[in-house]
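Worksheet: one structure, shown below.
Residue numbers (the UniProt record's numbering), protein chains in the order written: chain A, 1 to 372; chain B, 1 to 372.
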């Protein structure tokens, strides 16, 4: 089954590559599914690349073809918004390793004419960025006015400045980190083990069967989802509120609203995401350590870039807390980069960047308009 | 297969009951596996009940018959320790719902002559305490000098003072809470879903097969284990350190030490614990809300007791943080109880109470010796 058939009609390009990956493998072809909004100006100066998070996709500001839901960042991207197709040429591509049309474990390995499965090469955040650079070449975009992302998207934004310093004039890195911590890795490992523990995973070779490892993937999503929300936010939203019934059931149905909510998060996720992609992308994020790629010193990653940086954190984000953003800012200062940093207040934890965040919008709007 | 055969020779009593449970069911018989250390003095005044945590057992100060490991709290309990068999009559029983010999899903339902499985009634923390009271009756212990517990053991200790106010002279509640929060419930729900997602769980009816839902239970344990450790502790212990190999494998083996550690935690757990018991005990903990049992006001739980309280929290415990202990202390103050409260510093998060904690020992020793 082709990706186009599985995931709807996408803008999609098959580039010959080969793309040399950090792990040593050569990826060829390099398939990239993407969306663009707006028009590149004659000077080629108004391109903004949006990088999506772990389970995100290219549909940043347009309807998702499978779920029918609006784009995932229409609060920030759209007419009248800080990133505006009437002013900017906006590009958002599905990262390699993912499952919305870009090369990943569910796409066809031309050498075997079968899905890659677990023979797909392990990738890194930098590999995702390299693939995006190939797409920009294809689109005729030399330099980006800005690269913008939250969470794993923020990692890509930082990696862009480090990997292609001459191609980025500004970086917006939101709710992110320059390295995955032991606790971050631990949560991802729980998710991977949940997927792999599902007998339907079949060593990743489940595409021929109409029976994917949905139960394991749902558990993985549930565990991860807890890290996206703040303890205070969960308490405010659910507390110990029971479901519609009046009293405890003294059984194992979802008695508490938070249980029902989490189960829904798990179940709805498996409809839109591929289990193997979850393994590959969490692995890429766990491998992310921008300092390590540059001699062990984070400032080293920013020595070449002349980009301006805008770093945003949220006070209740315990996945990538403000301390992680401060580490980025200190390294940028050490490297002599221009950086503005703000910690915003929100009850919503890590997910805050995807929700209504007027202050974040103001910060990003001001930062993008301030271009020298 | 009898529990004695599965879990080694235990001190075990089969009490006729029936025990009326919070859920309405009558449990009969009530089997309790327990250990005692020391001798009850002629006045019957030196009995100390130790309550174990979620996956703990009665082997508080003696070798575990299955794992061969020393008792789980020998740092606090033993000759020359704050709780000392040369001075105290120490009792520790396996909670009902568990799998070390007390009535639980793995024991035999006399009505069917088969293991209860998921037909075992859902229990509460208070039900565990009621079963312990039956054991004390059996042992001829009228009143406890103290009831002592950490984590879920602390919940039982608090519930003892609320449920049998006349039978407890002192309560030591460590690293615990008076109610499970939405985030606490969420983590437990992930664990339960991981178990139930394992096809080997078979609706809880796996005892006849020699093939328990080990993979699901291991994932549940991994997720829970993260909550027992602090982020700082994980970083100090593991950081991003790789396994013995020199570089990343660009594969899905355990590259990082923290992955290998977590996998080990999961795998070793399934050798000593029953998956259905994990469901029942996490449910009991999620149901725990001491205020709710007493008209919605926590102070109401402590109106009857004249016990002295000692409440201990650890500064890096994010499962049951100091704020949860403060809530208990405020309610005790409101109820006019004598309470001493200390927050101790430790890098080890929730698990700190099980580790070397000289300050905790000093606090508990002083508190127990100060009896009027």
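Even for Gly, the Cβ is constructed at its ideal location relative to N, Cα and C.
- In chain B, no part has a C-beta under 9 Å from the C-beta of residue 202 of chain A; the shortest such distance is about 13 Å.
- Between the stretch 122 to 137 of chain A and the stretch 20 to 28 of chain A, the count of Cβ pairs shorter than 8 Å is three or higher; the stretches touch.
- In the three-state scheme derived from DSSP, where H, G and I count as helix and E and B as strand, residue 340 of chain B is classed as strand.
- Cβ-Cβ separation between residue 161 of chain A and residue 171 of chain A: approximately 5 Å, consistent with a contact (criterion under 8 Å).
- Its chain contains 27, 30, 31 and 96 as the residues whose beta carbon lies nearer than 7 Å to that of residue 103 of chain B, once the 5 sequence neighbours on both sides are disregarded; these appear in chain order.
- At a beta-carbon threshold of 8 Å, the residues of chain B lying near residue 226 of chain A are 183, 186, 187 and 190, ordered along the chain.
- For chain B, none of the residues of the stretch 74 to 97 of chain A brings a beta carbon within less than 7 Å of one of its beta carbons.
- Under the 9 Å criterion on CB atoms, residue 69 of chain B is classed as non-interfacial with respect to chain A.
- Beta-bridge partners of residue 12 of chain B (DSSP): B:33.
- Within chain B, the C-beta atoms nearer than 9 Å to that of residue 235 of chain A come from 181, 182 and 183, in chain order.
- In the three-state scheme derived from DSSP, where H, G and I count as helix and E and B as strand, residue 194 of chain A is classed as helix.
- Inter-residue distance for residue 335 of chain B and residue 291 of chain B is about 13 Å (C-alpha atoms, whole angstroms).
- Using a Cβ-Cβ distance cut-off of 8 Å, the stretch 358 to 365 of chain A and the stretch 262 to 278 of chain A are not in contact, since fewer than three pairs of beta carbons, one from each stretch, lie closer than that value.
- Rounded to whole angstroms, the Cβ separation of residue 337 of chain B and residue 367 of chain B is 13 Å, and the two are not in contact under 8 Å.
- For residue 60 of chain B, the three-state secondary structure derived from DSSP is coil.
- Among the residues facing chain B, residue 18 of chain A is not included, as its CB has no counterpart in that chain under 9 Å away.
- Within 10 angstroms of the beta-carbon of residue 11 of chain A lie fewer than 16 other beta-carbons, which makes it exposed.
- For residue 139 of chain A, same chain residues with a beta-carbon under 6 Å away, outside a window of 5 residues either side, do not exist.
- In this structure, A:133 is the residue among A:309, A:349 and A:133 with its C-alpha nearest to the C-alpha of residue 94 of chain A.
- About 6 Å separates the Cβ atoms of residue 143 of chain B and residue 169 of chain B, confirming a contact at the 8 Å cut-off.
- Leaving aside the five residues that flank residue 173 of chain B on each side, the residues in its chain whose CB is nearer than 6 Å to its CB run, in chain order, 154, 157, 158 and 311.
- Nearest CB-CB separation between residue 27 of chain B and chain A: not below the 9 Å threshold.
- Restricted to the stretch 107 to 149 of chain A, the alpha helix (DSSP H) segments that are unbroken, complete and at least 4 residues in length are 125 to 139, listed in chain order.
- Contact between the stretch 340 to 354 of chain A and the stretch 253 to 266 of chain A is absent: fewer than three C-beta pairs spanning the two stretches fall below 8 Å.
- For residue 78 of chain B and residue 241 of chain B, the gap between their C-alpha atoms comes out near 37 Å.
- When the Cα atoms are used, residue 324 of chain B and residue 333 of chain B turn out to be separated by approximately 14 Å.
- Any Cβ of chain B closer than 9 Å to the Cβ of residue 292 of chain A would place that residue at the interface, and such an atom is present.
- Residue contact check for residue 193 of chain A against chain B: a CB pair falls below 9 Å.
- Spatial neighbours of residue 152 of chain A in its own chain (CB-CB distance under 6 Å, excluding positions within 5 residues in sequence) are listed in chain order as 53, 54 and 285.
- Residue 328 of chain A is positioned such that its CB atom lies no closer than 9 Å to that of residue 354 of chain A.
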